[in-house]
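Undergrad:
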Amino acid sequence: MVQTPSKTLTLAEFLKLPETKPASEYIDGQIIQKPMPKGKHSAIQGDFSAVLNAILRPQKIARAFIELRCTFGGRSTVPDIAVFVWDRIQRDENGAIANDFLLSPDWTIEILSKNCVKNPVIYDGFVLQLIWSLTC
Numbered sequence: 066m067v068q069t070p071s072k073t074l075t076l077a078e079f080l081k082l083p084e085t086k087p088a089s090e091y092i093d094g095q096i097i098q099k100p101m102p103k104g105k106h107s108a109i110q111g112d113f114s115a116v117l118n119a120i121l122r123p124q125k126i127a128r129a130f131i132e133l134r135c136t137f138g139g140r141s142t143v144p145d146i147a148v149f150v151w152d153r154i155q156r157d158e159n160g161a162i163a164n165d166f167l168l169s170p171d172w173t174i175e176i177l178s179k180n181c182v183k184n185p186v187i188y189d190g191f192v193l194q195l196i197w198s199l200t201c
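For what it's worth, the working numbering labels the leading residue of the sequence shown as 66, then goes sequentially.
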């Protein structure tokens with residue numbers, strides 16, 4: 066039996082696929098599905114993003130987004146929380162927040178369970194002001 070290698074998808078092809086739950090990321094030509102968040106993870110994610118937005122949004126400093134797809138540098142990631150400084154928040158032609166963010170976040174926050182290891186190298190080579198990994 067002859068095996069044919071499976072076709073590797075390009076980033077453009079990946080972005081045309083339907084979204085998955087939990088989200089899938091495209092990193093170095095590979096599709097990696099994120100683990101399904103559990104209770105503690107969801108609580109930390111919601112509470113932490115709410116605190117960030119309560120502090121940062123009123124003064125138009127930055128905004129935190131939960132599970133926002135960020136496509137940049139040949140990859141497409143979905144951080145647990147992506148924070149963008151105010152003037153880097155992508156907007157559509159009407160000035161509303163854009164659906165597609167085609168740049169790296171200024172801060173990324175990943176909430177990890179004790180047995181989960183996420184490699185922060187996925188952001189290697191991109192200017193991020195801060196990467197936080199929180200353990201629940």
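Heads up, the beta-carbon is just placed ideally off N, CA and C, and yes, glycines get one too.
(1) I'd like to know if the region 156-168 and the region 87-102 are in contact, where contact means that at least 3 CB-CB pairs between them fall below 8 Å.
(2) With 16 other CB atoms within 10 Å as the buried threshold, where does R156 fall?
(3) Are there 16 or more other CB atoms within 10 angstroms of the CB of D228, so buried, or fewer, so exposed?
(4) Going along the chain, which residues of its own chain have a beta-carbon closer than 6 Å to the beta-carbon of F79, five neighbours each way excluded?
(5) Please state the DSSP three-state secondary structure of L133.
(6) Using DSSP bridges, identify the partner residues of I162.
TA: Taking the structure as given:
(1) In this structure the region 156-168 does not touch the region 87-102; the number of beta carbon pairs closer than 8 Å is below three.
(2) Stepping through the sequence shown from its first residue, residue 156 is reached at position 91. Counting every other CB atom within 10 Å of its CB across the protein chains shown gives R156 a total below 16, marking it as exposed.
(3) Nothing about residue 228 can be read from this structure; the chain reaches only from 66 to 201.
(4) Translated into positions along the sequence shown, residue 79 becomes position 14. Contacts found: Y91.
(5) By 1-based counting over the sequence shown, the position of residue 133 is 68. The answer is coil: DSSP assigns L133 none of H, G, I, E or B.
(6) Walking along the sequence shown from the start, residue 162 turns up at place 97. Its beta-bridge partners are R156.
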